[in-house]
Amino acid sequence: MTEDARYAWCDVVVDDHDGGTGGTPAGADDRGSNAVGDGSEGSDRTEAAGAAAQPTMHFRSGTTVYSEGLRGGRLVGLGWNGAGFTPMAADPWPDADDADAQVGTEAFGLECDGFELSDGWDCLGVERDDRAGAVTLHLALRHRVRPVGVVVHTEVDGTAVLARWLTVTNRGDRPMALSRIDPWSGVLWRRSAYERAGDAVGAPAFRVGRFADDRWGHEGAWTEEALPDTGAVVAGRYRGGPHRHPLVTLAAVSTGELFIGQLGWSGGYRWAFETAGPRTESARAGAGARRIRFRVGPDAPAPQRVLSPGEAVDTPKVHLGMVLADLDRAVDEMHRHVRRVRGARPAGRTGLVESGIGPEQEMTARAVLHEIDAAADLGAEVFFLDAGWYTGRSADWHRTAGDWQVAARYPGGLAPFRERCHRLGLRFGLWMEPERVGPDSRSAAEHPERLARRPDGRPLRGLLDLSDDEVAAAVESSIADLVQRHGLDFFRLDHNVGALGAGYVHRSGGLPESHWWRYYDNLYALFGRLRRRFPDVVLETCASGGARSDLGMLEAFDHTWVTDWQLAPRSFHITNGMTLALPPELVDRHVGAGMNDHLRGDVDWGGRLALFGRPTVGWLHEVGAPPSAVQRERVRHAVRLYKERVRPWQDDAVLHHHTPLLDQDAGWGVLERSSRDRTRAVIGLFRLDAAGPDRWVVHPRGLSPAPRYRVTADNRDETWEVAGAELLRDGVTVRLATALTSEVLLVEPAA
1 MTEDARYAWC
11 DVVVDDHDGG
21 TGGTPAGADD
31 RGSNAVGDGS
41 EGSDRTEAAG
51 AAAQPTMHFR
61 SGTTVYSEGL
71 RGGRLVGLGW
81 NGAGFTPMAA
91 DPWPDADDAD
101 AQVGTEAFGL
111 ECDGFELSDG
121 WDCLGVERDD
131 RAGAVTLHLA
141 LRHRVRPVGV
151 VVHTEVDGTA
161 VLARWLTVTN
171 RGDRPMALSR
181 IDPWSGVLWR
191 RSAYERAGDA
201 VGAPAFRVGR
211 FADDRWGHEG
221 AWTEEALPDT
231 GAVVAGRYRG
241 GPHRHPLVTL
251 AAVSTGELFI
261 GQLGWSGGYR
271 WAFETAGPRT
281 ESARAGAGAR
291 RIRFRVGPDA
301 PAPQRVLSPG
311 EAVDTPKVHL
321 GMVLADLDRA
331 VDEMHRHVRR
341 VRGARPAGRT
351 GLVESGIGPE
361 QEMTARAVLH
371 EIDAAADLGA
381 EVFFLDAGWY
391 TGRSADWHRT
401 AGDWQVAARY
411 PGGLAPFRER
421 CHRLGLRFGL
431 WMEPERVGPD
441 SRSAAEHPER
451 LARRPDGRPL
461 RGLLDLSDDE
471 VAAAVESSIA
481 DLVQRHGLDF
491 FRLDHNVGAL
501 GAGYVHRSGG
511 LPESHWWRYY
521 DNLYALFGRL
531 RRRFPDVVLE
541 TCASGGARSD
551 LGMLEAFDHT
561 WVTDWQLAPR
571 SFHITNGMTL
581 ALPPELVDRH
591 VGAGMNDHLR
601 GDVDWGGRLA
611 LFGRPTVGWL
621 HEVGAPPSAV
631 QRERVRHAVR
641 LYKERVRPWQ
651 DDAVLHHHTP
661 LLDQDAGWGV
671 LERSSRDRTR
681 AVIGLFRLDA
691 AGPDRWVVHP
701 RGLSPAPRYR
711 VTADNRDETW
721 EVAGAELLRD
731 GVTVRLATAL
741 TSEVLLVEPA
751 A
């Protein structure tokens with residue numbers, strides 16, 4: 001059986017709960033699915049699959065299984081399995097009569113108008129949607145007391161990671177306030193008392209993985225800690241800074257389950273984990289069960305959203321999965337899932353080598369032309385003007401943002417730069433920060449009504465109020481105008497507002513609501529329309545580095561800037577951590593002096609680190625100064641390695657994190673990018689400081705023992721052949737004598 005066959009099989013089974021898992025709901029078709037309603041009265045086939053139906057749903061993707069069912073008006077999670085098994089009738093799932101065992105098992109959370117709606121739900125129907133590579137189940141529910149309809153959407157795509165989101169509809173005749181909403185919640189892990197009784201392993205230990213820091217320049221600081229009895233919360237953007245990507249893991253150390261999840265959302269978010277159940281032995285399976293419960297969703301001051309009568313809203317998507325394997329396997333399943341969710345991108349729009357000029361130097365016309373020529377010489381394929389092309393002095397870029405007219409210092413406009421780029425084979429692009437206006441901009445003075453404001457009326461850091469549909473339309477128009485007016489092949493989005501905390505208040509239906517949800521609904525929608533309108537334009541997103549690297553923001557974009565911190569050794573730490581969350585082809589890395597990365601490390605450090613992401617190169621020397629021939633050749637060499645030895649197979653590559661947990665400035669860092677067919681690999685070794693030994697033995701993880709390989713050590717350009725089994729067994733010893741130096745091993749089939 002091939003690997004694809006093992007993991008690509010998807011199936012969803014819908015049963016009627018009759019005390020076991022057998023049976024089919026009334027009105028189901030031969031695939032076990034019902035017509036889905038919208039949570040309203042009179043939906044088609046409501047009688048056939050209405051209040052009496054208590055479906056059980058099994059989501060099977062490869063060997064990962066998640067089950068849930070409607071029980072007594074509550075949609076509850078019935079557990080996860082990593083070996084391909086659905087729950088059996090005799091399995092010790094919580095007894096419906098055991099109140100303690102039922103707490104926190106609901107598969108989603110919803111609080112509206114002050115009511116916690118954990119129960120009281122009737123099933124209106126279930127619909128299964130098959131499309132290429134994925135199966136989605138839509139479960140329609142209607143609340144018995146409150147005028148609320150919910151459709152629970154769950155998608156499987158052949159990976160170990162599932163996607164979940166809700167559609168909530170106000171079926172009443174007055175506005176409805178959503179205070180808290182968790183698209184996914186319930187029990188992740190359960191172990192009964194009688195199971196422990198014959199188990200010598202003892203009480204299980206759990207570890208939570210998360211990014212430890214939420215500050216600018218500290219993205220990717222991955223850490224794992226024991227889950228305390230009091231539980232753990234991982235949050236950001238509202239409760240904390242914006243630079244912590246919403247990725248988490250939960251490992252059951254003694255039983256081998258590893259859960260991995262992230263929320264596709266650019267606003268405030270919150271993951272919560274808690275332990276439940278007694279630690280002592282018990283004769284009753286339910287009462288003695290030890291459980292790990294979770295919930296995840298957007299986080300903001302209540303109400304998060306106010307729905308008008310008849311209005312429906314989709315929640316952010318949760319991407320959650322489980323493997324019986326190590327972190328490398330879990331990360332690879334997440335990467336495969338992200339690639340499938342995003343879909344194939346058109347050829348020529350991904351994996352391009354970029355270059356640009358920004359406000360770190362004075363952006364004169366001479367400097368722009370100099371950098372265009374240098375970019376082409378280095379092998380870049382895209383050139384863009386970063387922040388400052390619209391102002392007379394580069395240092396004023398932040399204060400004059402919003403005035404998207406070409407600066408007077410470019411009397412010929414931008415056309416000469418675009419033409420120079422095209423003549424040299426480069427795509428041409430511009431930077432823009434359309435969601436903010438600077439205090440010295442004409443836009444701020446001419447349109448004060450567009451500004452988001454604090455409760456006391458003061459502007460909120462120049463942020464535009466995109467929760468207002470008219471303001472969002474004006475922003476969309478300004479972006480489209482920029483792309484068309486300058487004939488852009490590339491567009492770079494930025495967002496520099498820092499931590500907004502509670503943000504600001506938007507009014508809907510006469511009621512106040514947090515801005516976050518409506519703001520990002522509008523932002524995602526407008527970029528979705530722009531993506532369809534300009535299908536050939538490369539779209540890149542950044543936000544003061546990595547403040548919006550989540551999957552919600554990335555949906556319309558081709559890749560993302562994950563940090564503005566490029567100095568070694570933390571630059572390795574950031575790359576290492578952010579590629580846990582995102583496939584490496586989505587992660588931008590910089591080589592050059594534009595962000596102070598020239599201050600530390602040897603010339604090869606940045607170029608080799610970029611082999612584990614997507615490279616941007618530029619600004620190797622000042623205007624008028626001759627280039628260093630040695631430096632120039634080393635950067636060109638790194639670009640060639642990326643184009644010839646990585647890019648041809650990067651879209652389905654496997655990334656192995658040999659050192660996922662790092663003390664930021666100590667020891668070694670090792671990354672391996674291998675082809676899925678296990679015939680090639682690029683292995684980077686980075687000495688982060690002078691502590692510890694000067695040698696590291698690296699054992700490749702992504703190669704097969706059967707073939708014979710040719711290995712090249714780049715520092716001395718030494719090549720040798722070795723049998724795969726020997727290479728995996730003995731590894732390769734690499735010596736780096738000093739701190740902030742590196743080596744890359746290139747492995748390919750022997751001729």
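Going by UniProt numbering, the residue at position 364 of the sequence shown is 364; the numbering climbs one at a time, nothing skipped. Each residue gets a CB set at the ideal place from its N, CA and C atoms; glycine is no exception. The structure presented is a predicted model; accordingly, all values stated were derived computationally and were not measured.
- Residues of the same chain with a CB within less than 6 Å of the CB of residue 129, apart from the 5 flanking positions on each side, are 136 in chain order.
- Annotated three-state conformation of residue 182 is strand, per DSSP.
- Residue environment for residue 252: buried (at least 16 other C-beta atoms within 10 angstroms of its C-beta).
- Around the CB of residue 476, 16 or more other CB atoms lie within 10 Å, so the residue is classed as buried.
- Between residue 362 and residue 380, the CB-CB gap reaches or exceeds 8 Å.
- Remark: C-beta atoms of residue 411 and residue 535 do not approach each other more closely than 8 Å.
- By the criterion of at least three beta-carbon pairs nearer than 8 Å, the stretch 316-323 is not in contact with the stretch 530-549.
- The residues 262, 581, in chain order, have a CB closer than 6 Å to that of residue 247 in the same chain once the five nearest residues on each side in sequence are set aside.
- Assigned with DSSP and collapsed to three states, residue 637 falls in helix.
- The stretch 147-156 makes contact with the stretch 55-68, as at least three CB pairs between them are under 8 Å.
- Residue 522 sits in a helix when the DSSP states are folded into three classes.
- A check of alpha carbon separations from residue 741 across 714, 301, 725 identifies 714 as the nearest.
- For residue 742, the enclosing beta strand (DSSP E) has its first and last residue at 742-749.
- Less than 8 Å divides the Cβ of residue 482 from the Cβ of residue 430.
- DSSP lists 687 as the bridge partner or partners of residue 668.
- By the Cβ-count criterion, residue 556 is buried, with 16 or more other Cβ atoms from all chains shown falling within 10 Å of its own Cβ.
- For residue 582, no alpha helix (DSSP H) segment is defined, and its DSSP state is neither H nor E.
- The residue from 341, 209, 266 with its alpha-carbon nearest to that of residue 131 is 341.
- Relative to residue 510, the option among 176, 138, 127, 126 whose CA is nearest is 176.
- If one requires a minimum length of 4 residues, the alpha helix (DSSP H) runs lying completely within the stretch 574-629 are 603-609, in chain order.
- Under the 10 Å beta carbon count, residue 661 is surrounded by fewer than 16 other beta carbons and is classified as exposed.
- Residue 632 has its alpha-carbon roughly 21 Å from the corresponding atom of residue 427.
- Across the structure, residue 78 and residue 127 are spaced so that their CA atoms are roughly 20 Å apart.
- Secondary structure of residue 642 (DSSP, three-state): helix.
- Between the C-alpha atoms of residue 423 and residue 372 there is a straight-line separation of about 11 Å.
- With respect to residue 544, residue 560 sits apart: the two C-beta atoms are not nearer than 8 Å.
- C-alpha of residue 189 to C-alpha of residue 86: approximately 15 Å in a straight line.
- Excluding sequence positions up to five before and after residue 658, its CB lies within less than 6 Å of the CB of 670, all in the same chain and listed in chain order.
- Linking residue 444 to residue 438 through their CA atoms gives a straight-line distance of about 7 Å.
- The criterion of a C-beta distance shorter than 8 Å is satisfied by residue 635 and residue 620.
- Exclusion of the five residues before and after residue 686 leaves 572, 669, 742 as the residues of its chain whose Cβ lies within less than 6 Å of its Cβ.
- Shown here for residue 707: same chain residues with a beta carbon closer than 7 Å to its own, the five before and five after excluded, namely 679, 724, 749 in chain order.
- Rounded to the nearest angstrom, the gap between the Cα atoms of residue 314 and residue 168 is 6 Å.
- By the 16-neighbour rule on beta-carbons within 10 angstroms, residue 378 is buried.
- The residue from 399, 645, 336, 329 with its alpha-carbon nearest to that of residue 359 is 399.
- With fewer than 16 other CB atoms across the displayed protein chains lying within 10 angstroms of its CB, residue 720 is exposed.
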